[in-house]
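Comments concern the structure below.
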Amino acid sequence: DSRGRHRKRLTQEADEVGWLLGITFTVQVIPAPGDHVYEVMAGNVEAVGHRGMRLFSELWHQRTARPAELVLAALEGNSAHQTWENLGRALETAMPLVEEGGALALCTELAELPGAAVQCLKKARSREEAVGRIQRDEADDAVTALQLARALDRCSVYLLSKLDSSLVEDLEMTPVDEASDLARLAGRYESVLLLGNASYTRVSVKPDDEA
Numbered sequence: 276d277s278r279g280r281h282r283k284r285l286t287q288e289a290d291e292v293g294w295l296l297g298i299t300f301t302v303q304v305i306p307a308p309g310d311h312v313y314e315v316m317a318g319n320v321e322a323v324g325h326r327g328m329r330l331f332s333e334l335w336h337q338r339t340a341r342p343a344e345l346v347l348a349a350l351e352g353n354s355a356h357q358t359w360e361n362l363g364r365a366l367e368t369a370m371p372l373v374e375e376g377g378a379l380a381l382c383t384e385l386a387e388l389p390g391a392a393v394q395c396l397k398k399a400r401s402r403e404e405a406v407g408r409i410q411r412d413e414a415d416d417a418v419t420a421l422q423l424a425r426a427l428d429r430c431s432v433y434l435l436s437k438l439d440s441s442l443v444e445d446l447e448m449t450p451v452d453e454a455s456d457l458a459r460l461a462g463r464y465e466s467v468l469l470l471g472n473a474s475y476t477r478v479s480v481k482p483d484d485e486a
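Using the working numbering, the first residue of the sequence shown is number 276, and each one after it goes up by one.
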């Protein structure tokens with residue numbers, strides 16, 4: 276998907292710059308749940324990179340047997356973690372876990388205003404027109420905007436945040452005022468999946484007989 280290609284391109288560019296500068300030493304931080312640090316690594320670029328990917332996978336990769344009608348995804352951490360970029364990461368993780376036509380509820384404390392690309396989603400006459408403009412303009416938040424557009428195509432999206440309700444509605448999401456409203460929302464669905472630290476977590480859908 277676009278976010279995966281974007282992340283791969285950034286990694287390749289960083290590796291190329293490091294090689295051109297003769298950088299062989301790097302520092303990597305592996306995040307832990309609860310806004311903590313799991314491990315800080317330092318050493319050879321390649322060795323640290325391989326170990327970092329392994330540790331991240333061990334800590335953050337989970338499996339579920341099937342998608343759910345409703346996925347409740349939380350953005351944890353302080354205000355530095357409550358960003359549109361992390362919201363996009365949460366969407367990337369949660370979308371494959373939602374049944375077609377189901378719902379995705381994001382539990383956040385997001386307060387920052389969206390960037391130019393996300394704003395396109397509310398200014399354009401149609402979502403298709405907005406996506407075309409986002410892809411053409413390549414704004415800094417283009418990947419996040421495209422993730423949101425795809426999520427809206429797939430399912431209903433609810434957002435608990437500190438943003439003005441009218442802004443959330445303009446972006447075609449349903450604003451949620453209180454966490455208790457999410458509990459009532461969950462009661463309307465037969466299957467619910469809870470996803471904590473959604474901006475870091477990676478989940479694979481694999482039936483039990485394929486485990």
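For glycine and all other residues, C-beta sits at the position ideal for the given N, C-alpha and C. On a predicted model such as this, the values are computed, not experimentally measured, just so you know.
Asked	Found
Since I believe G390 is in contact with D416 (beta carbons under 8 Å), could you give me their beta-carbon distance rounded to a whole number of angstroms?	4 Å
Evaluate the contact criterion for the segment 412-427 versus the segment 344-364: three or more CB pairs, one atom per stretch, below 8 Å.	yes
What first and last residue would you give for the alpha helix (DSSP H) that runs through C382?	Taken as a continuous stretch (DSSP letters only), C382 belongs to no alpha helix (DSSP H), being part of the beta strand (DSSP E) at 373-382.
Confirm, please, whether the CB-CB distance from V320 to V346 is below 7 Å.	no
Let me confirm a value: T299 is counted as buried when at least 16 other C-beta atoms fall within 10 Å, else exposed. Which label applies?	exposed
Take the Cβ of S474 as the centre, count every other Cβ of all protein chains shown within 10 Å, and call the residue buried at 16 or more, exposed below.	buried
Using beta-carbon positions only, say whether V323 and Q303 come within less than 7 Å of one another.	yes
How would you label A348, buried or exposed, when you count the other beta carbons within 10 angstroms and need 16 or more for buried?	buried
Quick one: give me the first and last residue of the alpha helix (DSSP H) that Q394 is part of.	391-398
Can you tell which of T301, L446, S455 has its C-alpha closest to the C-alpha of L388?	L446
On the CB-based measure, 16 or more other CB atoms within 10 Å of its CB, does M328 come out buried or exposed?	exposed
Report the rounded CA-to-CA distance for R341 versus N472, giving the unit in angstroms.	20 Å
Do you know whose CA, among P306, H311, T301, S332, lies nearest A317's CA?	T301
Determine the burial state of V312: buried for a count of at least 16 other Cβ atoms within 10 Å of its Cβ, exposed for fewer.	exposed
Can the beta-carbon of V432 be found less than 7 Å from the beta-carbon of L385?	no
How many angstroms separate the CA atom of D276 from the CA atom of M370?	Reliability of the predicted coordinates at D276 is poor, the pLDDT of 49 falling under 50, and the value obtained from them is presented with this limitation in mind. Approximately 12 Å, taken between the alpha carbons.
From the DSSP secondary-structure annotation, give me the bridge partner or partners of R459.	Beta-bridge pairing links R459 to no other residue.
Span of the beta strand (DSSP E) holding G318?	311-319
Let's test the definition: count the other Cβ atoms within 10 Å of the Cβ of V451 and tell me whether it reaches 16, buried, or not, exposed.	buried
Tell me whether I298 sits in a helix, a strand or coil according to DSSP, three-state version.	coil
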